[in-house]
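Novice: Okay, here's the structure, questions in a sec.
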Amino acid sequence: MNEMTSLQLESLPVFQEPRKVNRMNDDFYIFNDLKSMPIYEVPTRLDTTVLSVCLDGYTRIGVNMQEYYVGPGSLIIALPDQIIHSMEISDDYQGIVIAISRKYTDEVFPKIKVILPFFFYTKEYPCLNLEGNELSFIMEYYNLFWERINEDRRTTKEIILTLITAMFYEIYNIYDTRIPRKTEKRNRKEVIYDQFMRLLSENYRKERSVNYYAKALCLTPKHLSSVVKKTSGRTAGEWIDNFVIFEAKSLLRSSQLNIQEIADELNFANQSFFGKYFKHYTGMSPKEFRRS
293 MNEMTSLQLE SLPVFQEPRK VNRMNDDFYI FNDLKSMPIY EVPTRLDTTV
343 LSVCLDGYTR IGVNMQEYYV GPGSLIIALP DQIIHSMEIS DDYQGIVIAI
393 SRKYTDEVFP KIKVILPFFF YTKEYPCLNL EGNELSFIME YYNLFWERIN
443 EDRRTTKEII LTLITAMFYE IYNIYDTRIP RKTEKRNRKE VIYDQFMRLL
493 SENYRKERSV NYYAKALCLT PKHLSSVVKK TSGRTAGEWI DNFVIFEAKS
543 LLRSSQLNIQ EIADELNFAN QSFFGKYFKH YTGMSPKEFR RS
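Residue numbers (our numbering): 293 to 584.
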């Protein structure tokens with residue numbers, strides 16, 4: 293598992309505990325016991341969409357370099373190409389997990405009219421505490437999935453895809469009733485920070501210069517760094533370096549790429565420059581980190 297470049301549903305083993313795990317082909321899995329699902333103790337890039345709801349106990353999970361505490365009633369969503377890292381699971385943890393292949397989401401996402409704001413919500417707020425009937429709504433979909441997934445019908449796939457679409461709309465509505473009033477009140481600095489983080493998440497593999505992001509946002513590098521520092525506690529340069537180092541660690545730990553290929557992937561001029569950059573921030577060479 294540690295050699296995987298990504299978490300893909302078809303790579304999961306066939307489970308022997310049907311009361312804890314259910315699936316349809318290699319495109320849709322549901323778990324009612326997190327301990328039945330492979331847990332990645334090193335940063336792992338997703339090739340799936342994963343939704344999890346904690347019912348009891350707690351877990352700590354990293355999503356794209358941010359750590360989240362997931363307690364009872366918390367929903368966590370991770371989308372394809374995001375990086376997850378399981379940090380801790382309490383002994384009394386109970387919860388559910390829904391994992392959907394990229395193949396299925398590629399069929400579902402184009403049908404969702406609010407898919408762009410849905411992406412923004414879930415990427416900015418991957419962990420959300422459910423309130424009132426919201427937990428019941430998600431559990432209703434989970435129970436429907438469990439009931440329908442093994443039905444031997446020609447239309448079972450279409451039923452599952454329709455339920456997935458409806459569930460995403462339900463989740464979007466939960467976000468939309470909570471987040472907009474907060475975002476509408478954002479000041480100019482918060483807007484700039486959000487724009488910077490979105491731009492960074494799309495370009496950090498190729499662009500490590502503060503000047504690049506400042507120019508894209510029509511700001512001076514000094515002003516951008518000042519705004520980002522006041523909003524997040526880190527400068528723009530620190531955020532860029534954190535993204536690059538986190539990605540480098542992920543590739544070193546969970547891929548079979550050699551160090552030169554990783555340097556190329558992250559747009560370094562050569563392996564030597566990448567090695568010096570990595571050692572400056574981690575205290576270890578890429579080879580030492582991979583062996584550790």
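Positions of the beta carbon are idealized from the N, C-alpha and C atoms, including for glycine.
Identify the residues that DSSP records as bridge partners of Glu450: which are they?
Specialist: According to DSSP, which records beta bridges pairwise, Glu450 is partnered with nothing at all.
Novice: Measuring CA to CA, which of Ser501, Ser344 and Trp531 is closest to Phe323?
Specialist: Residue Ser344 holds the alpha-carbon nearest to the alpha-carbon of Phe323 among Ser501, Ser344 and Trp531.
Novice: If you draw a straight line from the C-alpha of Leu427 to the C-alpha of Leu347, how long is it?
Specialist: 9 Å
Novice: Going by DSSP in three states, Val313 sits in which element: helix, strand or coil?
Specialist: strand
Novice: Which residue marks the beginning of the beta strand (DSSP E) containing Gln374, and which one marks its end?
Specialist: Neither: Gln374 is in no beta strand (DSSP E) and is coded neither H nor E.
Novice: Determine the direct distance from the alpha carbon of Asn534 to that of Ile551, and round the result to whole angstroms.
Specialist: 19 Å
Novice: Please state whether the Cβ-Cβ distance between Ser542 and Arg337 is less than 8 Å.
Specialist: yes
Novice: Quick check on Glu295: buried or exposed, where buried means 16 or more other Cβ atoms within 10 Å of its Cβ?
Specialist: Unreliable placement is indicated for Glu295, whose pLDDT of 34 sits below 50; the coordinate value is still reported in the next sentence. Per the 10 Å Cβ criterion, exposed.
Novice: In terms of residue numbering, what span does the alpha helix (DSSP H) encompassing Glu359 cover?
Specialist: Not the alpha helix (DSSP H): Glu359 falls in the beta strand (DSSP E), residues Gln358 to Val362.
Novice: Tyr505: buried (16+ other C-beta within 10 angstroms of its C-beta) or exposed?
Specialist: buried
Novice: Output the distance between the C-alpha atoms of Asn317 and Tyr350, rounded to the nearest integer angstrom.
Specialist: 30 Å
Novice: Rounded to the nearest angstrom, how far is the Cβ of Pro402 from that of Tyr360, given a contact under 8 Å?
Specialist: About 29 Å separates the two Cβ atoms, so there is no contact after all.
Novice: With a threshold of 16 other CB atoms inside 10 Å of the CB of Tyr573, please say whether the residue is buried or exposed.
Specialist: Per the 10 Å Cβ criterion, exposed.
Novice: Cutting at 8 Å between CB atoms, please list the residues of its own chain near Gly424, excluding the five before and the five after it.
Specialist: none
Novice: Confirm, please, whether the CB-CB distance from His377 to Ile353 is below 8 Å.
Specialist: yes
Novice: Buried or exposed: where does Trp531 fall if 16 or more other Cβ atoms within 10 Å of its Cβ makes it buried?
Specialist: buried
Novice: What are the boundary residues of the beta strand (DSSP E) that includes His421?
Specialist: Here residue 421 is Asn; the residue named in the question, His, does not match the sequence. From DSSP, the beta strand (DSSP E) with Asn421 extends over Cys419 to Asn421.
Novice: Could you check the C-alpha separation between Ser649 and Ser546 for me, to the nearest Å?
Specialist: Residue 649 lies beyond the stretch modelled for the chain, which goes from 293 to 584, so this question has no answer here.
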